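One line per chain: the protein sequences are A and B, in this order.
In this text, residue positions in the first sequence follow numbering that gives the first Met the number 0: the first is 0, and each later residue adds one.
In this text, residue positions in the second sequence follow numbering that gives the first Met the number 0: the first is 0, and each later residue adds one.
We put the CB at the ideal spot given by N, CA and C, even for glycine.
Predicted, not measured: the structure shown is a model, and the values here were computed from it.
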Amino acid sequence: MTSPLDRPAELSSPIPIQVLLALFGCFLVLLEGAFAQWQVFFVAAPLLVLAYVFYMNLFFSNQLSIIAAFLIGLFSELMFFETLGMNATALALVALITRWRSPILIHSDFLEIWSAFSLIVLFFSSFKMAIYLVAYLSLPAISDIFLQAGMTILLFPIFYVLLVSAASAGQFILRTRMDGRIK
Amino acid sequence: MAGRTGRMRAAQPRRFFHLLIILLGFALIFVGKADMLAVRTVQTSFSGLFAPLFNVVATPVRAVETMFEGMRTVASLREETVRLRAENERLKRWQRRSEILESENRQLRTVLGAVIPADRQAVTARAIAAPGSSFSHTMMITHGTDKRIHRGDPVVTADGLVGYIIEVSKRHSWVLMLSDVNSRIPILLSTSSWPGLAIGQNSDVLSLSFLPLEAEPKENELVLTSGHGEILPPGLPVGRVIKGVGREYYIQPVVDLRKVSFVSILVRPEGEGVSEIGGFADFFTPLPETDNKRLLEGFSPKDVLQ
């Protein structure tokens, strides 16, 4: 009978990668806020975090958990004084829906993924609008919401390519590190 | 069959956990809506803590925008020069006119015996975070309690009111912009003097509400802060009236909230406490009882004294 201290250390634990990916989500929150300073993106900054959560849950659902998506949303609310819980719940729901659809979408071509993402953006905006309606009994500027949704959908291909490249680079680095350790 | 049942059993705790997260989200929405001091304090400290990091991330993004702005400026330099010349001429005319009005105003103040408010000083700050979405129209600015900024201090640009401070940390503050759904600004129509309330709608225009029934705001009439509630000083330009359908009126803010990069915060001078803002009585001296004319607020002195 060996104690946990006698066992060899778990060097290939997925937790550090998961933490790093969640932190990258928080960085995207800050980047999204920075983009909002551009006049063209005022009140309509592209939803980079949403695209990230969608992509991760579609292709690497083990790496970005629902709770991580929830915490990223909470971080954005605390950082930018938005209604507490609105973003967090919406992102958690997006992560859940994406996971549910991922067995079908993972084998689809890019156009299908893009259209699925468009639906996700519409769901995300509608959910937030519904919460806003219940909380304030009024609706925010619909044109701005459509502009933000449209901007996010239009910019998705660029963000998708960047994420695919980053994921390939990450996997290459991890594989090289693992190979080095085996040798 | 047994494998499928096993998988379903294994998925059950996970489903319960996911449901718990969603419920937690909804609970947070209720807590956030309750507007508790503890939540606000956590939000302020949190955003204050991460503000320097945000500034680091935002600097290159801002630089890119400045670069594009520079390119646009160079492209339209000739056109800009013609426009600026015309504007310069117009401004000179306005300057002469304002000098005449200023002198007239000074004379009128001496007659009325009103005291000019000397209870504010301007602190210039840079906007470091803009709204970014339609759901919240708040803005983070540099400077906080280190520059004597307090909650409720008005935030202005050369054009007029931008909003007021809602949260302050040591080096950063949060501004609730006029257009935010939570913003309520007591206003006065500049020519007809009717009081009302400018309510933000998270859109480009504000709703003009709580006007007396007999009030007939004119299209493009300037709207100023009334100073009621003693939070904002009176006389700050808020916007111009836009007529809606029927008796609906809106206000187009005089400040282009999309282009705010530097603002001035009107803080109280050193040594003056928050409770001493007052000065309200200095501006609104009641008219004599016999005077039957209308007051600024739209009521006759008789109505007020009854």
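CB contact below 8 angstroms: Leu-95/A versus chain B: Counted from its first residue, the first sequence places residue 95/A at position 96. Yes, contact with chain B.
Selection from Val-18/A, Tyr-54/A, Pro-102/A that minimises the alpha carbon distance to Leu-90/A: Taking the first residue of the first sequence as position 1, residue 90/A is located at position 91. Answer by Cα proximity: Tyr-54/A.
Cβ distance (whole Å) where Thr-88/A is taken to contact Ile-21/B below 8 angstroms: Start at 1 with the first residue of the first sequence, and residue 88/A comes out as number 89. Start at 1 with the first residue of the second sequence, and residue 21/B comes out as number 22. Correct: roughly 6 angstroms between the Cβ atoms.
Neighbour-count burial assignment, Ala-85/B, 16 or more Cβ in a 10 Å radius: Along the second sequence, read from residue 1 onward, the residue named residue 85/B stands at position 86. With fewer than 16 other Cβ atoms within 10 Å, it is exposed.
Chain B contact for Leu-22/A (CB, 8 angstroms cutoff): One-based indexing of the first sequence puts residue 22/A at position 23. It does not; no Cβ of chain B falls within 8 angstroms.
Among His-171/B, Ser-133/B, Leu-160/B, Ala-129/B, the one whose alpha carbon lies nearest that of Ile-148/B: Within the second sequence, the letter at position 149 stands for residue 148/B. That would be His-171/B, whose Cα lies nearest to the Cα of Ile-148/B.
Pair within 8 angstroms by beta-carbon distance, Ile-264/B and Gly-151/B: Taking the second sequence and counting its residues from 1, the one referred to as residue 264/B is at position 265. Taking the second sequence and counting its residues from 1, the one referred to as residue 151/B is at position 152. No, the Cβ-Cβ distance between Ile-264/B and Gly-151/B is not below 8 angstroms.
Delimiting residues of the beta strand (DSSP E) encompassing Gln-17/A: Taking the first residue of the first sequence as position 1, residue 17/A is located at position 18. No beta strand (DSSP E) holds Gln-17/A; the alpha helix (DSSP H) holding it covers 14 to 34.
Leu-4/A versus Val-133/A - alpha carbon distance: Counting from 1 along the first sequence, the entry for residue 4/A is found at position 5. Counting from 1 along the first sequence, the entry for residue 133/A is found at position 134. Taking the straight line from one Cα to the other gives about 53 angstroms.
Beta-carbon proximity of Ser-178/B to Ile-144/A, cut-off 8 angstroms: Indexing the second sequence from 1 puts residue 178/B at position 179. Indexing the first sequence from 1 puts residue 144/A at position 145. Cβ distance not < 8 angstroms, so Ser-178/B and Ile-144/A don't count as in contact.
Separation of Val-52/A from Ser-225/B, as counted between CA atoms: Locating residue 225/B in the second sequence gives position 226, counting from the first residue. Locating residue 52/A in the first sequence gives position 53, counting from the first residue. Using only the alpha carbons, I get a separation of about 47 angstroms.
Local Cβ density within 10 Å of Leu-18/B, reported as buried at 16 or more and exposed below that: Taking the first residue of the second sequence as position 1, residue 18/B is located at position 19. By the neighbour-count criterion, in which 16 or more other beta carbons inside 10 Å mark a residue as buried, Leu-18/B falls on the exposed side.
Rounded straight-line distance, which links the Cα of Phe-122/A to that of Met-109/A: For the purposes of this step, residue 109/A is taken as residue 110 along the first sequence, with counting starting at 1. For the purposes of this step, residue 122/A is taken as residue 123 along the first sequence, with counting starting at 1. According to the sequence shown, residue 109/A is Phe rather than Met. Near 20 angstroms, if we compare the C-alpha coordinates of Phe-122/A and Phe-109/A.
CA-to-CA distance, Val-237/B to Thr-137/B, given in whole angstroms: Within the second sequence, residue 137/B is the residue found at index 138, counting from 1. Within the second sequence, residue 237/B is the residue found at index 238, counting from 1. Each residue's Cα considered, the two are about 17 angstroms apart.
Member of Ala-94/A, Met-85/A, Ala-33/A, Ile-172/A whose CA lies at the smallest distance from the CA of Gln-62/A: Here residue 62/A corresponds to residue number 63 of the first sequence, with the count starting at 1. Answer by Cα proximity: Ala-94/A.
Closer than 8 angstroms at the beta carbon, the chain D residues around Phe-53/B: Among the chains of the structure shown, chain D does not appear; the protein chains present are A and B.
Straight-line Cα distance separating Gly-245/B from Arg-13/B: Taking the second sequence and counting its residues from 1, one reaches residue 13/B at position 14. Taking the second sequence and counting its residues from 1, one reaches residue 245/B at position 246. Approximately 55 angstroms between the Cα atoms of the pair.
For Arg-39/B and Thr-284/B, the rounded distance between their alpha carbons: In the second sequence, the residue the question calls residue 284/B occupies position 285. In the second sequence, the residue the question calls residue 39/B occupies position 40. Note that Thr-284/B scores a pLDDT of 39, beneath 50, so its modelled location is shaky; the value from the coordinates is reported in the next line. Here the alpha carbon of Thr-284/B sits roughly 38 angstroms from the alpha carbon of Arg-39/B.
Which listed residue (Arg-77/B, Ala-124/B, Pro-153/B) has its alpha carbon closest to that of Asp-118/B: Sequence index remark: in the second sequence, residue 118/B carries index 119 (1-based). When each option's Cα is compared against that of Asp-118/B, the closest is Pro-153/B.
Neighbourhood of Trp-93/B by C-beta, 8 angstroms cutoff - its chain only, sequence neighbours within 5 removed: Start at 1 with the first residue of the second sequence, and residue 93/B comes out as number 94. If we look at Trp-93/B and ignore the five residues flanking it on each side, it has no Cβ neighbours.
Pair within 8 angstroms by beta-carbon distance, Ala-115/A and Arg-98/A: Looking up residue 115/A in the first sequence gives position 116. Looking up residue 98/A in the first sequence gives position 99. No, the Cβ-Cβ distance between Ala-115/A and Arg-98/A is not below 8 angstroms.
Short Cβ contact (8 angstroms threshold) for Gln-147/A with Ala-44/A: As a first step, residue 147/A is located in the first sequence; it is residue number 148 there, counting from the start. As a first step, residue 44/A is located in the first sequence; it is residue number 45 there, counting from the start. In contact: Gln-147/A and Ala-44/A (Cβ atoms closer than 8 angstroms).
Where Met-35/B falls: helix, strand or coil (DSSP): To locate residue 35/B, count along the second sequence from 1; it is residue 36. Met-35/B falls in the coil class under three-state DSSP.
Contact list for Ser-46/B against chain A, beta-carbon separation under 8 angstroms: Counted from its first residue, the second sequence places residue 46/B at position 47. Per Cβ cutoff of 8 angstroms: Leu-77, Met-78, Phe-79, Phe-80.
Reference Val-204/B, options Thr-141/B, Gly-195/B, Ile-250/B, closest by Cα: In the second sequence, the residue the question calls residue 204/B occupies position 205. With distances taken between Cα atoms, Val-204/B lies closest to Ile-250/B.
Distance cut-off 7 angstroms: Gln-251/B Cβ against heavy atoms of the ligand MN: Among the components of this structure there are no ligands whatsoever, and the ligand MN is therefore not found.
For Gly-72/A, the three-state DSSP class (helix, strand or coil): Residue 72/A sits at position 73 when you count from the first residue of the first sequence. In the structure shown, the three-state DSSP call for Gly-72/A is helix.
Three CB pairs or more closer than 8 angstroms across the segment 59 to 71 of chain B and the segment 24 to 38 of chain A: Counting Cβ pairs under 8 angstroms, three or more are found: they touch.
Buried versus exposed, by CB contacts within 10 Å (16 or more), Ala-252/B: Residue 252/B sits at position 253 when you count from the first residue of the second sequence. Before going on, a small fix: residue 252/B reads as Pro here, not Ala. With at least 16 other beta carbons inside 10 angstroms of its own, Pro-252/B counts as buried.
Cβ-Cβ distance between Val-161/B and Val-174/B below 8 angstroms: As a working mapping, residue 161/B is identified with position 162 in the second sequence. As a working mapping, residue 174/B is identified with position 175 in the second sequence. Between Val-161/B and Val-174/B, the C-beta spacing is below 8 angstroms.
Reduced DSSP category for Lys-242/B - H, G, I as helix; E, B as strand; rest coil: Here residue 242/B corresponds to residue number 243 of the second sequence, with the count starting at 1. Strand.
Option in Asp-145/B, Gly-47/B, Ile-127/B with minimal Cα separation from Leu-30/A: Start at 1 with the first residue of the first sequence, and residue 30/A comes out as number 31. Considering only alpha carbons, the answer is Ile-127/B.
Residue-level contact to chain B via CB, Tyr-135/A, 8 angstroms cutoff: Taking the first residue of the first sequence as position 1, residue 135/A is located at position 136. Chain B, which has a Cβ nearer than 8 angstroms to the Cβ of Tyr-135/A, makes this yes.
Residues sharing a beta bridge with His-171/B, DSSP: Numbered from 1 along the second sequence, position 172 holds the residue referred to as residue 171/B. Answer is Thr-141/B.
Residue ranges of each beta strand (DSSP E) within the segment 50 to 105 of chain B, 3 or longer: Not a single unbroken stretch of the beta strand (DSSP E) spanning 3 or more residues falls wholly within the segment 50 to 105 of chain B.
Chain B contact residues for Asp-143/A, given Cβ-Cβ distances below 7 angstroms: Walking along the first sequence from the start, residue 143/A turns up at place 144. Per Cβ cutoff of 7 angstroms: Ser-133.
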